[in-house]
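Residue numbers (full-length UniProt numbering), protein chains in the order written: chain A, 1 to 756; chain B, 1 to 157. Below is one structure, written out as structure tokens, with a few remarks after it.
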Amino acid sequence: MDIDADITHIPLPFLPNIPAAPEEYGVHSSQHTPLIIDNGSTNLRWGWATSATPRFGPNIFSKYRDRKSNKPLVLFGDAVEVEGAAKAQSRTPWEGDVLLNFDALENALDYAFVQLSIDTPTVDHPVLMTERLSSPAHSRALTSELMFELYSVPSLAYCVDGLMSFYQNDHQVGSSPSNSFASDGIVVSFNTASTSVMPILNGKGILSHAKRIPWGASQSADYLLKLIQIKYPTFPTRVTSTQANWMLRNFCSVAPDYISLLQSFEDPAVMRSSQKIIQFPYVLPSAEEKTEEELARLSEKRKEQGRKLQEIAAKNRVEKLQQKETDLAGLFDLRDSKPTYSKREWTHKLQSEGFDDDAMLDETIKKLDGDVKKARKKEAGASGMDVDEPLEEPSFPLVDVPDADLDEEGIKEKKKQKLLKAGVEARARARKEKEREREEKEREEKKEEDERETDLVGWSQKLRGEQETLMARIKDRAKRKAALSDRKSAAAQARMKSIANLASDERVPKKKRKGGGGANLFSQRQLFLDLLFFPDNSSTEDTFGADDADWAIYRKINIGQASSDEDEDLAQLQVIEQKLLMHDPTFTIEETHASITSQRSALLNAFKPMYEEGDIAGNTRIHLTTERWRVCETWFSPGIAGVDSAGLGEVIQNILSRFREDEKERLVKNVFLAGAPTRIPGIAPRLYSTLRPLLPTEMSIEIRQAQDPELDAWRGMARFAQTEEFVRVGMTKAEYDEYGGERLKKWWGSNWNGGF
Amino acid sequence: MPPKNFKKRGTAATDGTSTPQGPSLAEQMSYGHLPRPFKNPEYTKNINRRAKNLKNILGQERERERTERERKKAEDAMELDEEIPTYLSIEAPPSVLPQKHYCDITGLEAPYTDPITGLRYHDKDAYAIIKAMASGLPSASAAKEYLSARGVNSIVK
């Protein structure tokens, strides 16, 4: 499989384009052309009702001071991406699902009106604006306040975007705008931070039965980001929420049957074939590509330097040696010249040379002599001569002389010689011991070789058996360690018991045990059994330690650090495996302990393929497999991501249950999906397969999608604003003054709360 | 001065090139200096504008809903046969369907739960990963991270 073909590169951030020039205001001036504003939590769309398409941009603004020119700047929409400083200061009118930040809304609306080139002292146009389903009163009050008091609009009508998208896509409305709207259906409106379900009967939204699921595209993107972060905890670059959003839009889809999809993924090959690989940008470490010649030259240079250093060191050594030799010669001369001096003069001479007395002079000479000899030997060794020349056996003439024949000096000397002799003998013994060991080893190796040559299968079997026992032992140790971390496990309790037992004054004696050192486990168990069943069998005699195996108990109760046994076993294992690898052709590298323990199942490998440590491109890749469906499944069961709410299917079922059968039939015949997230593939088929089992077979279900999910709500509003009905649904300034900003005029496309 | 800038912005957009000496891209896109004659100079900002956060607003909604209900009760509630939905009342109820369990590691179906961490897992290999977490691999908080993705947050006291 060619992996490279499946890799998608994450798009690089690009600089925003300068938006199109503002349109001319002229034709709309004093014409009272309705102004249509779809105030979405991702995008703001605005324009004249007579335009075919609105202007739009991300509903985000940034007010900051440019560092270079020191000018205050205000940016809106895509322009915020222009630089980091702008992005850091950016704010949006929405906080999740609620319109909350009215400074941001004011700036966004300013931008909208500037773009429309409105140059009159008021915004003298009736406005139709969207709001959230059952919008909180506070959001509406402050929006109305801005509209009426800051922009002085003559009238303001609110609508719910999902209903207007439905209206735009309704085939019964036809081309003539005067046709009244009387369709039935269910609108499933996918918003940025929530998803709403609204039934419509006779062209009127039944908002008392509408429901909102607190899950939207932004939550799905966040969930995807979270999953990526825990799947790749050490990912070298930061994955941004913008990138997660891009992945959601490009790679994720809704499974028609999530469970059977997951079951098919239990086959690693299927899981692997479903993956999408996303390559993040990476920088290869500037690999110093050097030519052969350069490399050779470099190594030559290094060698040369090494040689030079060696030469210098040797020269130093020789110089030092010479120095020492001359010193030594001087001292010899000094000693030899002793008879030429009188005693007094001699002492004086000695002191002037820095010696206290003859003994000190002798000592110094001896020491220097030893140094010189050693250095000479070294020199000789360095120049390739055999160092191991047979040492002349040092003689210890005084050792065998009885003390009685010696004076005080002699006894002292004898003691010294004795010690020296002992040392020499010990060294000789050790040498012999070593020799013997080597021979034994050689013999064993020879024996093994013979064995191997005569019966390879048997030999290999034996070694494999040993390998298995070792591996089992290591595994057991790991298991025990794991068990000890749980206070309630049998192993931990047994450990506590043995500690208590060791600490108690009256140690319960053990029964005569069978077996010797090897049967640790058995004796241990025996100890506990004794403790359990013969607690009264206490004779005062303490035999602890009589058996070497007794001490193993301390090893058992010590859980602090990895015992040295572990290392030993591992070393031994390695030796065995080396042998097997070398001589047994059927033993492969996969059977070694290291590869067995580091092995990952094919399924996990398909879920998250591993790359080599040094593979920089590979390690900056994200593999999406189950996540591609998992993050979309949340619309149908938000519980997956920890949101305690009914999913889409359940909510629609609940809503339908409040209608009569004939109404139900009319509703499900026209299930309409609105909002930008409906571009995620698979929503409609999934919704169908979710609803079908809930409804009688004779009820036909039809699911439609908005033609242009992003702009259809705005287009529906613009279309509606050109009907006669529009004039009646707007709240006037007088009504605003009378009722206050929390109220609205209730009509078929508006919210119900606060209506009059 | 502003109208001049205004022109410049327009031309920059049409010919699509900008001289390096000219204003930066951010400056060209800024609308802070543009005239906004349509704004009412008399308007003073509502002091409530910034004081409220999401919690305040939802609390306010809840309070409003309660008083509304009480008022309705008092009025005998006969004339109002339609209930008025509010932002809080339209919230979808918790799911009553049995929740399926998915593996926290792989996302596959999870028949098992690790009693120590509470993580759900698909098979023994996923369980091995959970075991490794207990010994601090890949990080000490890995198990918590997995749980928090599922909305299970341990309470820190």
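Don't be surprised by glycine CBs; every beta carbon is placed ideally from N, CA and C.
Item                                                                                                                                                                          : Value
Pairing CB atoms from the stretch 44–57 of chain A with CB atoms from the stretch 105–122 of chain A, are three or more of them under 8 Å?                                    : yes
How would you list, in chain order, the residues of chain B whose beta-carbon sits under 8 Å from the beta-carbon of THR92 of chain A?                                        : The premise fails here: THR92 of chain A is roughly 13 Å from chain B at the closest Cβ pair, so nothing lies under 8 Å.
Compare the C-alpha of CYS103 of chain B against each of A:LEU604, A:PRO709, A:GLU665 and name the closest.                                                                   : A:LEU604
Taking GLY647 of chain A as the query, report the chain B residues whose CB atoms sit under 9 Å from its CB, ordered along the chain.                                         : ALA92, SER95, LEU97
On the DSSP bridge assignment, give the partners of TRP94 of chain A in chain order.                                                                                          : A:LEU99
Among the candidates A:GLN229, A:PRO236, A:TRP714, A:GLN243, whose CA atom is the shortest distance from the CA of SER218 of chain A?                                         : A:GLN243
Taking the beta carbon of GLY517 of chain A as the centre, do at least 16 other beta carbons fall within 10 Å, making it buried, or is it exposed?                            : Any reading at GLY517 of chain A must be qualified, since the residue scores a pLDDT of 45, below 50, and its modelled position is unreliable; no value is offered.
Go through the stretch 319–375 of chain A residue by residue and report every complete run of the alpha helix (DSSP H) that reaches 4 residues or more, in order.             : 343–353
Between the stretch 64–78 of chain A and chain B, which residues of the former have a C-beta closer than 8 Å to a C-beta of the latter?                                       : ASP66, LYS68, SER69, LYS71, PRO72, LEU73, VAL74, LEU75, PHE76
Could you tell me the alpha carbon to alpha carbon distance between VAL424 of chain A and GLU442 of chain A, rounded to whole angstroms?                                      : 27 Å
Which whole runs of the beta strand (DSSP E) in the stretch 204–265 of chain A are 3 residues long or more, in chain order?                                                   : 211–213
From the beta carbon of VAL643 of chain A, is the nearest beta carbon of chain B less than 8 Å away?                                                                          : yes
What's the C-alpha gap between PRO256 of chain A and GLU650 of chain A?                                                                                                       : 16 Å
Could you compute how far the alpha carbon of LYS497 of chain A sits from the alpha carbon of LYS100 of chain B?                                                              : 43 Å
Expressed to the nearest angstrom, what Euclidean distance is found between the alpha-carbon atoms of ALA193 of chain A and THR690 of chain A?                                : 22 Å
Identify whether ALA143 of chain B lies in helix, strand or coil by the three-state DSSP scheme.                                                                              : helix
Contact check, ARG140 of chain A vs GLY754 of chain A under 8 Å by CB: the rounded distance?                                                                                  : 7 Å
List the endpoints of the continuous beta strand (DSSP E) containing GLU131 of chain A.                                                                                       : 127–131
Using the beta-carbon of each residue, which ones in chain B are nearer than 9 Å to LYS226 of chain A?                                                                        : GLU145, SER148, ALA149
Output the boundary residues of the beta strand (DSSP E) element that contains MET198 of chain A.                                                                             : 195–201
Measure from the C-beta of GLY59 of chain B to each C-beta in chain A and report whether the shortest distance is under 8 Å.                                                  : no
Could you tell me if ILE589 of chain A is buried or exposed, where buried requires 16 or more neighbouring beta carbons within 10 angstroms of its beta carbon?               : exposed
Could you name the residues that DSSP lists as bridge partners for HIS28 of chain A?                                                                                          : Answer is none; HIS28 of chain A lacks a bridge partner.
Mind checking which residues open and close the beta strand (DSSP E) that includes ALA157 of chain A?                                                                         : 155–160
Under three-state DSSP, which class holds ILE703 of chain A?                                                                                                                  : strand
Check whether chain A comes within 8 Å of GLU83 of chain B, counting only Cβ atoms and requiring the distance to be less than that.                                           : yes
Counting only Cβ-Cβ distances shorter than 9 Å, please list the residues of the UniProt domain "Vps72/YL1 C-terminal" (101–130) of chain B near chain A, keeping chain order. : TYR102, CYS103, ASP104, ILE105, THR106, GLY107, LEU108, GLU109, ILE116, HIS122, ASP123, LYS124, ASP125, ALA126, ALA128, ILE129
Alpha carbon to alpha carbon, how far is LEU147 of chain B from ASP662 of chain A?                                                                                            : 45 Å
Is the Cβ-Cβ distance between LYS324 of chain A and LEU368 of chain A less than 8 Å?                                                                                          : yes
Taking 8 Å as the cut-off, does the stretch 6–24 of chain A touch the stretch 688–703 of chain A (at least 3 CB pairs, one atom from each stretch)?                           : no
Any beta carbon from chain A within less than 8 Å of LYS73 of chain B's own beta carbon?                                                                                      : no
Using the DSSP secondary-structure output, state which residues sit across from TYR89 of chain B in a beta bridge.                                                            : A quick correction: the sequence has Ser, not Tyr, at residue 89 of chain B. Beta-bridge pairing links SER89 of chain B to no other residue.
Starting from SER189 of chain A, follow its DSSP beta bridges and name the residues at the other end.                                                                         : A:SER196, A:ALA674
Applying the 10 Å Cβ sphere with the 16-neighbour rule, what's the burial state of PRO85 of chain B?                                                                          : buried
Grouping DSSP H, G and I as helix and E and B as strand, with all else coil, what is GLY614 of chain A?                                                                       : coil
Can you tell me the Cα-Cα spacing of LYS63 of chain A and PRO37 of chain B, whole angstroms?                                                                                  : 20 Å
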